[in-house]
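In this note's numbering, the protein residues as written are 4 to 255.
To start, the structure under review is shown below, and the notes come after it.
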């Protein structure tokens, strides 16, 4: 489905809601998902039913003893966390925003959406703020045409093109990414010193200095390899996710 066709289908969903708001305010979260949110994601190009890409939309993924409603993935890499609420819920509750952001942050996913279909709040999870990057009001059909470009930022095509990241960078809400080689160069000496000191403290009686240096180099080589695969999108962002979800971390 191309962008214009998607716009027509999403507008039909909004019109469906607009015709009977009182009725829809009585439905549960589960019904909100099935009647509005999943059709919306489908219109935005996501394979909600898993017909062609079974792992593209993961429902109820466990993240730190809790479950995120939807994790949207491209080529096996998580791109967006969607936290759903019933239409009758108040999206302005601070706890709801914090919940959506925490899911994304702990998953090492940059973007989170909090939605009850009436509204779509887009959060940049790397930012120390619950101020949404976009706060889209779907409840007002009169605003639909003006809002559509922001809605489209959540489409699969837009994520493939990196449109949300680019817009956030242009607006100063997201720092431009540092190339992986430059970032590694900046961090390498710090890692080496921290690792050497920790290993010497724990196992100094067992290893000579030259052996500790060799151990540290092997660890760093493996970390570099993992980070490289993460940076080019071959693997999920595992290292930072482990750091963020670990109860105890020695190297940050």
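Quick reminder that beta carbons are idealized off the backbone N, C-alpha and C, glycines included.
Computed from a predicted structure; not experimentally measured.
Residue from the options whose Cα sits closest to the Cα of residue i
| i | options | result |
| --- | --- | --- |
| residue 81 | 103, 90, 112 | 112 |
| residue 139 | 121, 196, 130, 133 | 121 |
| residue 106 | 175, 96, 94, 83 | 83 |
| residue 144 | 15, 7, 6 | 15 |
| residue 19 | 33, 8, 42 | 42 |
| residue 149 | 103, 10, 21 | 10 |
| residue 79 | 7, 53, 215 | 53 |
Cβ separation of residue i and residue j, assumed to be a contact under 8 Å, to the nearest whole Å
| i | j | result |
| --- | --- | --- |
| residue 116 | residue 86 | 7 Å |
| residue 141 | residue 17 | 6 Å |
| residue 46 | residue 92 | That pair is no contact at about 22 Å. |
| residue 77 | residue 170 | So it is not a contact: roughly 18 Å between Cβ atoms. |
Those residues which DSSP pairs with residue i across a bridge
| i | result |
| --- | --- |
| residue 71 | 64 |
| residue 76 | 81 |
| residue 12 | Residue 12 pairs with nothing; no bridge assigned. |
| residue 86 | 117 |
Span separating the alpha-carbon of residue i from that of residue j
| i | j | result |
| --- | --- | --- |
| residue 163 | residue 59 | 13 Å |
| residue 2 | residue 62 | Absent from the model: residue 2. The displayed extent of the chain is 4 to 255, so no value can be given. |
| residue 147 | residue 157 | 15 Å |
| residue 193 | residue 200 | 11 Å |
| residue 23 | residue 39 | 13 Å |
| residue 37 | residue 118 | 13 Å |
| residue 109 | residue 66 | 7 Å |
| residue 222 | residue 202 | 11 Å |
| residue 70 | residue 128 | 17 Å |
| residue 177 | residue 168 | 7 Å |
| residue 161 | residue 172 | 15 Å |
| residue 210 | residue 131 | 42 Å |
| residue 154 | residue 48 | 12 Å |
| residue 100 | residue 198 | 37 Å |
| residue 165 | residue 207 | 47 Å |
Short CB-CB distance (under 9 Å) between residue i and chain B
| i | result |
| --- | --- |
| residue 113 | Absent here is chain B; the protein component of the structure consists of one chain. |
Any chance you could list the alpha helix (DSSP H) runs of at least 4 consecutive residues sitting entirely within the segment 98-166, in chain order?
147-155, 159-164
Quick check on the DSSP output: what are the complete alpha helix (DSSP H) runs of length 4 or more inside the segment 198-239, in order along the chain?
212-234
Could you tell me which uninterrupted alpha helix (DSSP H) segments, each at least 4 residues in length, are contained entirely in the segment 14-51, listed from first to last along the chain?
24-27, 32-35, 41-46
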